[in-house]
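Step one of this worksheet: look at the structure below.
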Amino acid sequence: MKFGGTSVANLDRIRRAAKRVGVEVAKGYDVIVIVSAMSGKTNELVGWVNETSPMYDAREYDAVVSSGENVTAGLMALTLQEMDVPARSWQGWQVPLKTNSAHSAARIEEIPPENIMAKFAEGMKVAVVAGFQGVSPEGRITTLGRGGSDTTAVAFAAAFDAERCDIYTDVDGIYTTDPRVCDKARKLDRIAFEEMLELASLGAKVLQTRSVELAMRYNVKLRVLSSFEEQSDTAGTLVCAEEDIMESNVVNGIAFSRDEAKMTLVSVEDRPGIAAAIFGPLSEAGINVDMIIQNIAEDGLTDMTFSCPIDQVKRAEKAMADAQTRGDLKFAELVADTGVCKLSAVGIGMRSQSGVAARMFQTLSDEGINIKVIATSEIKISVLIDRKYLELAVQALHDAFGLEKSA
Numbered sequence: 001m002k003f004g005g006t007s008v009a010n011l012d013r014i015r016r017a018a019k020r021v022g023v024e025v026a027k028g029y030d031v032i033v034i035v036s037a038m039s040g041k042t043n044e045l046v047g048w049v050n051e052t053s054p055m056y057d058a059r060e061y062d063a064v065v066s067s068g069e070n071v072t073a074g075l076m077a078l079t080l081q082e083m084d085v086p087a088r089s090w091q092g093w094q095v096p097l098k099t100n101s102a103h104s105a106a107r108i109e110e111i112p113p114e115n116i117m118a119k120f121a122e123g124m125k126v127a128v129v130a131g132f133q134g135v136s137p138e139g140r141i142t143t144l145g146r147g148g149s150d151t152t153a154v155a156f157a158a159a160f161d162a163e164r165c166d167i168y169t170d171v172d173g174i175y176t177t178d179p180r181v182c183d184k185a186r187k188l189d190r191i192a193f194e195e196m197l198e199l200a201s202l203g204a205k206v207l208q209t210r211s212v213e214l215a216m217r218y219n220v221k222l223r224v225l226s227s228f229e230e231q232s233d234t235a236g237t238l239v240c241a242e243e244d245i246m247e248s249n250v251v252n253g254i255a256f257s258r259d260e261a262k263m264t265l266v267s268v269e270d271r272p273g274i275a276a277a278i279f280g281p282l283s284e285a286g287i288n289v290d291m292i293i294q295n296i297a298e299d300g301l302t303d304m305t306f307s308c309p310i311d312q313v314k315r316a317e318k319a320m321a322d323a324q325t326r327g328d329l330k331f332a333e334l335v336a337d338t339g340v341c342k343l344s345a346v347g348i349g350m351r352s353q354s355g356v357a358a359r360m361f362q363t364l365s366d367e368g369i370n371i372k373v374i375a376t377s378e379i380k381i382s383v384l385i386d387r388k389y390l391e392l393a394v395q396a397l398h399d400a401f402g403l404e405k406s407a
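By UniProt numbering, the letter at position 107 of the sequence shown is numbered 107, and the numbering carries on one by one without gaps.
Structure (C-alpha cells):
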C-alpha cells in the first residue's frame with residue numbers, strides 16, 4: 001500500500017490512512033506500506049538546499065530531501081502501534097533498498113527481502129517503508145527522483161511477490177482524460193500496462209512512468225485509489241496485463257502536455273550522420289527530445305524539427321550553437337516555437353482497427369485547429385498544436401472517440 005503526500009499531509013490523514021492499513025491486516029495480510037513525505041515538505045526541503053548552496057553537492061541534497069519520508073514513516077508506525085497493530089518503520093538503508101550511485105535520480109538495483117521477512121516471522125504485521133530513497137554501493141543515501149515513491153511501491157510488490165500493489169492518491173483512479181479540462185471524463189475500471197505507460201509518459205500525472213515500467217516487467221497488479229473516498233473491492237482503476245481486459249475502446253485516453261516547445265533547425269546539410277550530429281549533443285545536454293520530423297531535402301539542404309519540454313529550450317539552443325561553433329553542424333537558424341502543446345490519443349485497440357488517425361485529424365480540422373507535427377506508435381497518435389486550442393481539442397477528441405461511454 002502506497003500513500004502519496006496528500007494522503008499523509010497531516011496527522012488526521014495519517015490516521016485515516018492507518019485505518020485503511022488496519023482493514024488489510026484484519027483480513028490476514030502482512031502489509032508493506034510505502035509513504036511519501038507530507039504534502040509540500042519535499043518542496044520546502046529542496047528550497048532550503050537551493051538557498052543554502054545553489055551549486056549543491058548531490059549527495060547532501062539526497063540526505064536532506066529524503067528526510068521528509070523518514071518523518072512520515074515514523075509517524076505512520078506510531079499511529080498503527082496506537083491501534084494495536086504491530087508495526088515498525090524502515091528507512092531505505094535498513095531494508096536495504098540498493099540503488100546505483102546516481103544521486104537524485106537513482107535506479108533500484110535490488111531489494112533483498114530477508115530483513116523484513118524475518119520481522120514478519122517475529123510477529124510484525126506492517127512494515128512502514130520510507131519511499132523515494134535507497135542506499136548507494138558507497139553506503140550513501142540516494143533518492144529516486146520526483147514521484148519515486150510509486151516506483152518504490154511497485155519494486156517492493158515485485159520483490160516480495162505481493163498479491164497486489166495499491167497506490168493511494170488524491171484522485172479516485174485513472175480517467176479517460178483530465179476531468180479539470182473535460183467534464184465528460186470517465187473513470188476507467190481497468191487499463192492495460194502499455195496504455196498507462198503511454199499516458200504517464202505523455203503527460204498524465206497520476207503514476208510515475210518508471211513505476212508502470214516495473215509493474216509491466218514483473219506483472220504487478222496495480223490499483224490506483226483515492227485515500228479520501230469509501231473503498232470497495234471494485235474501487236479505483238486496476239492497471240493490468242492486456243489479456244486481463246475483456247473489452248476495450250479503440251482509444252482509451254486523451255493525454256496532453258502543455259509545456260512543450262517545437263524547435264526547427266533550418267537549412268541543415270542533407271548527408272549521412274547529420275541526425276547523429278544534431279541529437280548527440282542534445283542527448284549529452286540532457287534534452288528530452290520527443291517528436292522528430294525531417295523535411296524533404298532541396299539543394300542538398302533540409303530542415304529538422306523536434307519537440308522538447310519548454311524548460312529545456314535554452315539548453316537546446318546552447319547545445320546547437322556549441323555544435324555549430326565546433327564545426328560539427330551547420331544550419332541557417334534555430335527557430336523555437338514555445339506556444340505549442342502535445343496532444344495524444346492512446347489505446348491498445350488501435351492495433352486492430354484502422355481509421356483512428358483519420359478521425360483524429362478530421363476532428364481537429366473541423367474545429368479549425370492546425371496540426372504542426374505528427375508522431376505515431378502502435379498504440380498512440382501524438383500531435384503538436386497551438387496551446388491556446390488545448391481545451392477545445394481535448395473536448396472534441398473525447399467526444400469524437402466516445403470516451404464518456406465504456407466499451
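C-beta: ideal position from N, C-alpha, C; glycine also.
Practice task
Pull up the CB-CB distance for Ser149 and Gly4, whole angstroms please, since I reckon it's below 8 Å.
Solution key: 7 Å
Exercise for the section: Return the CA-CA distance between Asp270 and Ser344, expressed in angstroms with no decimal places. Expected result: 30 Å
Practice task
Verify whether the separation of the beta carbon atoms of Lys262 and Thr305 is less than 8 Å.
Solution key: yes
Exercise for the section: Pick out whichever of Ile348, Gln81 and Val239 has its Cα sitting closest to the Cα of Gly123. Expected result: Gln81
Practice task
Please name the residue in Leu282, Ala285, Asp303 and Glu194 whose C-alpha comes closest to that of Asp244.
Solution key: Answer by Cα proximity: Glu194.
Practice task
Alpha carbon to alpha carbon, how far is Glu230 from Asp170? Give it in angstroms, no decimals.
Solution key: 13 Å
Handout entry: Cβ neighbours of Glu404 in the same chain (closer than 6 Å, five flanking residues each side left out)
Key = Lys184 and Arg186
Exercise for the section: Specify, as a first and last residue, the run of the beta strand (DSSP E) that Gly134 falls within. Expected result: Gln133 to Val135
Exercise for the section: Whole angstroms is fine: what's the gap from Val71's alpha carbon to Ile34's? Expected result: So the alpha carbons of these two residues sit roughly 12 Å apart.
Problem - Close-in-space but distant-in-sequence residues of the same chain around Val250 (CB under 8 Å, 5 per side omitted) - result: Gly347, Gly349, Met350, Gln353, Val356 and Phe401
Handout entry: Length at least 3, wholly inside the segment 71–131: the beta strand (DSSP E) runs in chain order
Key = Contiguous beta strand (DSSP E) elements confined to the segment 71–131 occur at 87–90, 108–110 and 126–130, taking only those with 3 or more residues.
Handout entry: Anticipated Cβ contact below 8 Å, Thr152 with Ser66, distance rounded
Key = Between Ser66 and Thr152 the Cβ distance is about 11 Å, and since that is not below 8 Å, they are no contact.
Handout entry: N- and C-terminal bounds of the beta strand (DSSP E) containing Ser382
Key = Lys380 to Asp386
Exercise for the section: Compute the Euclidean distance between the alpha carbons of Glu163 and Ile379, then round it to the nearest angstrom. Expected result: 29 Å
Exercise for the section: Pull up the DSSP beta-bridge partners for Lys337, would you. Expected result: First, the amino acid is wrong: residue 337 is Asp here, not Lys. According to DSSP, which records beta bridges pairwise, Asp337 is partnered with Lys262.
Problem - Chain-order list of residues whose beta-carbon lies under 7 Å from that of Asn288 (same chain, five-residue window excluded) - result: Cys308, Pro309 and Gln312
Problem - Secondary structure, alpha helix (DSSP H): runs of 4+ residues fully inside the segment 213–295 - result: Segments of the alpha helix (DSSP H) lying fully in the segment 213–295: 274–284.
Exercise for the section: Pick helix, strand or coil for Arg146, following the three-state DSSP scheme. Expected result: coil
Problem - Run of the beta strand (DSSP E) containing Ala168, from where it starts to where it stops - result: Residue 168 is actually Tyr in this sequence, not Ala. Element bounds for Tyr168: Cys165 to Thr169.
Problem - Proximity of Ala192 and Glu247 at Cβ, strictly below 8 Å - result: no
Exercise for the section: Measure the alpha-carbon distance for Leu282 versus Ala336 and round it to whole angstroms. Expected result: 15 Å
Problem - Under the three-state DSSP convention, the category Leu202 falls into - result: coil
Problem - Where the alpha helix (DSSP H) through Thr305 begins and ends - result: For Thr305, no alpha helix (DSSP H) segment is defined; the enclosing uninterrupted segment is the beta strand (DSSP E) at Leu301 to Pro309.
Problem - Counterpart residues of Lys342 in DSSP-defined beta bridges - result: Answer is Ser257 and Leu384, bridged to Lys342.
Practice task
Report yes if the CB atom of Ala332 is closer than 8 Å to the CB atom of Glu367, and no otherwise.
Solution key: no
Practice task
Please classify Glu317: does DSSP put it in a helix, a strand, or coil?
Solution key: Here Glu317 sits in helix by DSSP.
Practice task
Please confirm whether Val394 and Cys182 have their CB atoms less than 8 Å apart.
Solution key: In contact: Val394 and Cys182 (Cβ atoms closer than 8 Å).
Practice task
Over the uninterrupted beta strand (DSSP E) stretch that includes Val35, give me the two end residues.
Solution key: Segment Val31 to Val35, the beta strand (DSSP E) holding Val35.
Exercise for the section: Using three-state DSSP, classify Thr376 as helix, strand or coil. Expected result: strand
Problem - Identity of the residue in Ala63, Gly40 and Met38 nearest Val49 by Cα - result: Ala63
Exercise for the section: Compare the beta carbon distance of Ser136 and Thr99 with 8 Å and say whether it is the shorter of the two. Expected result: yes
Exercise for the section: Check whether the Cβ atoms of Met76 and Ile14 sit closer than 8 Å, and answer yes or no. Expected result: yes
Practice task
Report yes if the CB atom of Gln91 is closer than 8 Å to the CB atom of Ala130, and no otherwise.
Solution key: Taking 8 Å as the Cβ cut-off, Gln91 and Ala130 qualify as a contacting pair.
Handout entry: Helix, strand or coil at Arg59 according to DSSP, with G and I counted as helix
Key = helix
Handout entry: DSSP-derived helix/strand/coil call for Phe361
Key = It is helical.
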